[in-house]
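Residue numbers (the numbering used here), protein chains in the order written: chain A, 1 to 179; chain B, 180 to 406.
For every residue, glycine included, the Cβ atom is placed at its ideal position computed from N, Cα and C.
It should be emphasised that the depicted structure is a prediction, and the values quoted were computed from it without experimental measurement.
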Amino acid sequence: MIDFNEEHPVAAIREMTRGIGVDRAIDAVGVDVVRPHSGPASKEARQKAGSYKSELREIAPKSHPRNGNWNPGDAPSQALEWAVEALAKAGTLSIIGVYPQIMKRFPIGAAMMKNLTVTAGNCNHRKYLPTLIAMVSANIVRPSRVLTKVEPLQSVLDAYKAFDQRQAGWVKVELLPAA
Amino acid sequence: MRAVVYHGTGDIRLEDVREPRIRESTDAIVRITASAICGTDLHLVRGTVPGMKRGTILGHEGVGIVEQTGRDVRNLCEGDRVVIPSTIGCGVCSYCRCGYYSQCDNANPRGKGTAFFGGPEENGAFDGLQAEKARIPFANVGLVKLPDTVSDDDAIMLSDIFPTGYFGAKLAQVKPGDTAAVFGCGPVGQFVITSLKLLGAGRIFAVDTIASRLEMARAGRRSDRFQ
Chain A
1 MIDFNEEHPV AAIREMTRGI GVDRAIDAVG VDVVRPHSGP ASKEARQKAG SYKSELREIA
61 PKSHPRNGNW NPGDAPSQAL EWAVEALAKA GTLSIIGVYP QIMKRFPIGA AMMKNLTVTA
121 GNCNHRKYLP TLIAMVSANI VRPSRVLTKV EPLQSVLDAY KAFDQRQAGW VKVELLPAA
Chain B
180 MRAVVYHGTG DIRLEDVREP RIRESTDAIV RITASAICGT DLHLVRGTVP GMKRGTILGH
240 EGVGIVEQTG RDVRNLCEGD RVVIPSTIGC GVCSYCRCGY YSQCDNANPR GKGTAFFGGP
300 EENGAFDGLQ AEKARIPFAN VGLVKLPDTV SDDDAIMLSD IFPTGYFGAK LAQVKPGDTA
360 AVFGCGPVGQ FVITSLKLLG AGRIFAVDTI ASRLEMARAG RRSDRFQ
């Protein structure tokens, strides 16, 4: 477990892998990255704040934050940069966090110099469903461990707001239309 | 029926809307018993994934009961309990037949991009699943029947986030023994971690800053039975 407001994630991963880096990295964040605001990684992120801001202007010129909700992240390409830096030479980057069509920033030079394989895309859900249903049915995996809130559809707007603010306990929200 | 409707960036509403009807012979109408909110919905409402059309019903996760089927949906019956995959594929184009359902040539009426429920115009602007009922295009291909042994609470995770996490681990070409770093321990990140372990990864480094999410990533090591 690495808290990016306490440790620099790339430095921590390098240290724990004897300087090698990881074989595989998965970006499960996507465009709404919140940059570190404390700890050793924050200084570097602060220096890049201007560049992140212009990225955000490119991709989300029309955001409307109000009352502490609907704030875009403040460092769109941060997760991609860290992932590329944390990878070992000849490692693989998998991008499943969602980026909009118009996002154009990626640390291509660093990826090239390390012979990385970069893969990305939208999930082909139907392809995996039979396998995963069988695993759940056989009690091999219990996916509902990630479910933290069950709300009636009636409360959906409050649920959106709490989830948007990443409030503690709001990891996955199930909605019940009939409740 | 009630549904969550997109009106603009930062403006979503719970409204009464007209019930969906069968339009194509491969459609089904599903009464939704469980839906969910995904991080992707937040990107859409925040405006960081732009292009939503006003009036689109949000949501791309759903479990429910088949209520009505078009005449070419021969593999499902009224009353079947199903999980709805977030992305829509026709099942017969070259991409679907290779397993690239999210790159289907035919499902998206606006072009060749990924077709999914409750998404932007360029993804088909299909009405989504945060509603009491939904029209499911290519239901004969997409919908998968659920055994009684899988509860709605488990099944709703199969609609998008568990397959997406599994897909992420597959894309990463993970082999037994590999070290892996997962950036983001939200719902999808949690399933990336589960899937990495299913595929035999060695050490896994989970990166986030929210204590409860990091703790859940650690706890996952204990609660899934295969570990």
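Where does the unbroken alpha helix (DSSP H) through D164 (chain A) begin, and where does it stop? For D164 (chain A), the enclosing alpha helix (DSSP H) starts and ends at V156 to D164.
Can you say whether H222 (chain B) is buried or exposed, counting buried as having 16 or more other CB atoms within 10 angstroms of its CB? Looking at its Cβ environment, which holds 16 or more other Cβ atoms inside 10 Å, H222 (chain B) is buried.
Step through the CB atoms of chain B and report whether any lies within less than 7 Å of the CB of P40 (chain A). Using a Cβ-Cβ cut-off of 7 Å, P40 (chain A) does not count as an interface residue toward chain B, since no Cβ of chain B sits closer than that to its own.
Please report the straight-line C-alpha distance between L153 (chain A) and M336 (chain B), rounded to a whole angstrom. Going by the C-alpha atoms only, they are around 17 Å apart.
Leaving out five residues on either side along the sequence, give the residues of the same chain with a beta carbon under 6 Å from the beta carbon of G365 (chain B). Correct list, in chain order: G218.
Using a Cβ cut-off of 7 Å (strictly closer), state whether H222 (chain B) contacts chain A. Yes, H222 (chain B) counts as interfacial toward chain A.
State yes or no: is the C-beta of Y99 (chain A) within less than 7 Å of the C-beta of G19 (chain A)? For Y99 (chain A) and G19 (chain A), no; Cβs fall outside 7 Å.
Along chain A, in chain order, which residues have C-beta atoms closer than 7 Å to that of I335 (chain B)? Neighbourhood of I335 (chain B) in chain A, by CB distance below 7 Å: E174, in chain order.
Secondary structure of R274 (chain B), DSSP reduced to three states: Checking the sequence shown, residue 274 (chain B) turns out to be Tyr, not Arg. Reduced to three states, the DSSP call for Y274 (chain B) is helix.
Just the C-alpha distance for G169 (chain A) and Y274 (chain B), rounded to the nearest angstrom, thanks. Cα to Cα, the separation comes out at about 39 Å.
Please report the straight-line C-alpha distance between A75 (chain A) and A11 (chain A), rounded to a whole angstrom. Here the alpha carbon of A75 (chain A) sits roughly 19 Å from the alpha carbon of A11 (chain A).
Residue environment, C277 (chain B), which counts as buried when at least 16 other CB atoms sit within 10 Å: By the neighbour-count criterion, in which 16 or more other beta carbons inside 10 Å mark a residue as buried, C277 (chain B) falls on the exposed side.
For N69 (chain A), does the three-state DSSP call read helix, strand or coil? Three-state result, N69 (chain A): strand.
Specify the secondary structure class of H64 (chain A) as computed by DSSP and reduced to three states. Looking at H64 (chain A) - three-state DSSP - the assignment turns out to be coil, as it is neither helix nor strand.
Beta carbon proximity, A207 (chain B) to chain A, threshold 7 Å: No, because no Cβ of chain A sits closer than 7 Å to the Cβ of A207 (chain B).
Determine which residues of the segment 59–85 of chain A have a Cβ less than 8 Å from any Cβ of chain B, and write them out in chain order. Going along the segment 59–85 of chain A in chain order, one finds I59, A60, K62, S63, H64, P65, R66, N69, W70, N71, P72, G73, P76, A79, W82 and A83 with a Cβ nearer than 8 Å to chain B.
Just grab the DSSP bridge partners of K187 (chain A) for me. Because chain A is modelled from 1 through 179, residue 187 (chain A) falls outside the range shown and cannot be assessed.
Rounded to the nearest angstrom, what separates S204 (chain B) and L237 (chain B) at their Cα positions? Distance between the alpha carbons of S204 (chain B) and L237 (chain B): 24 Å.
Apart from the five residues just before and just after E300 (chain B), which ones in its own chain have a Cβ nearer than 8 Å to its Cβ? Shown here for E300 (chain B): same chain residues with a beta carbon closer than 8 Å to its own, the five before and five after excluded, namely G230, M231, K232 and R289 in chain order.
Helix, strand or coil for E257 (chain B)? Go by DSSP, reduced to three states. Looking at E257 (chain B) - three-state DSSP - the assignment turns out to be coil, as it is neither helix nor strand.
Straight-line Cα distance separating P143 (chain A) from R260 (chain B): Roughly 18 Å separates the two Cα atoms.
Determine the direct distance from the alpha carbon of S330 (chain B) to that of A304 (chain B), and round the result to whole angstroms. Approximately 29 Å, taken between the alpha carbons.
Given a cut-off of 7 Å on the beta-carbon distance, is the pair V262 (chain B) and S214 (chain B) in contact? In this structure, V262 (chain B) keeps its C-beta atom at 7 Å or more from the C-beta atom of S214 (chain B).
Classify P61 (chain A): buried if its beta carbon has 16 or more other beta carbons within 10 angstroms, exposed otherwise. Counting C-beta atoms within 10 angstroms of its own C-beta, P61 (chain A) has fewer than 16 neighbours from the protein chains shown and is therefore classed as exposed.
Could you name the residues of the segment 128–148 of chain A whose beta carbon sits closer than 7 Å to any beta carbon of chain B, in the order they occur along the chain? Going along the segment 128–148 of chain A in chain order, one finds Y128, L129, P130, L132, I133, V136, S137, N139, I140, V141, R142, P143, S144, R145, V146 and L147 with a Cβ nearer than 7 Å to chain B.
Output the distance between the C-alpha atoms of V224 (chain B) and L56 (chain A), rounded to the nearest integer angstrom. Linking V224 (chain B) to L56 (chain A) through their CA atoms gives a straight-line distance of about 15 Å.
Taking the C-alpha atoms as reference points, what is the distance between M113 (chain A) and V271 (chain B)? The straight-line gap from Cα to Cα measures roughly 40 Å.
Would the beta-carbon of P107 (chain A) fall within 7 Å of that of E81 (chain A)? Yes, the Cβ-Cβ distance between P107 (chain A) and E81 (chain A) is below 7 Å.
Could you check if A75 (chain A) belongs to the surroundings of the ligand ADP, using beta carbon to heavy atom distance under 6 Å? For the ligand ADP, the structure offers nothing, since it holds no ligand at all.
Say whether chain A places a C-beta atom closer than 7 Å to the C-beta of Q352 (chain B). Cβ-Cβ to chain A under 7 Å: yes for Q352 (chain B).
How big is the Cα-Cα spacing for Q406 (chain B) and G187 (chain B)? Bear in mind that the predicted position of Q406 (chain B) carries a pLDDT of just 43, short of 50, making it unreliable; the figure below should be weighed with that in mind. Near 44 Å, if we compare the C-alpha coordinates of G187 (chain B) and Q406 (chain B).
What does the Cβ neighbour count give for E15 (chain A), buried or exposed, with the cut at 16 atoms within 10 Å? Answer is exposed; the Cβ neighbour count stays below 16.
When A:P9, A:K172 and A:V34 are compared against V22 (chain A), the one with the closest alpha-carbon: Comparing Cα-Cα distances from V22 (chain A) to each of A:P9, A:K172 and A:V34, the minimum goes to A:P9.
Out of B:G268, B:K291, B:G241 and B:P199, which one is the CA nearest neighbour of Q247 (chain B)? Of B:G268, B:K291, B:G241 and B:P199, the residue nearest in Cα terms is B:P199.
Could you give the uninterrupted runs of the alpha helix (DSSP H) lying entirely in the segment 342–389 of chain B, keeping only those of 4 residues or more? The segment 342–389 of chain B contains these whole alpha helix (DSSP H) runs: 366–377.
Is DSSP giving G234 (chain B) helix, strand or coil here? Assignment of G234 (chain B) by DSSP, reduced to helix, strand and coil, places it in the coil class.
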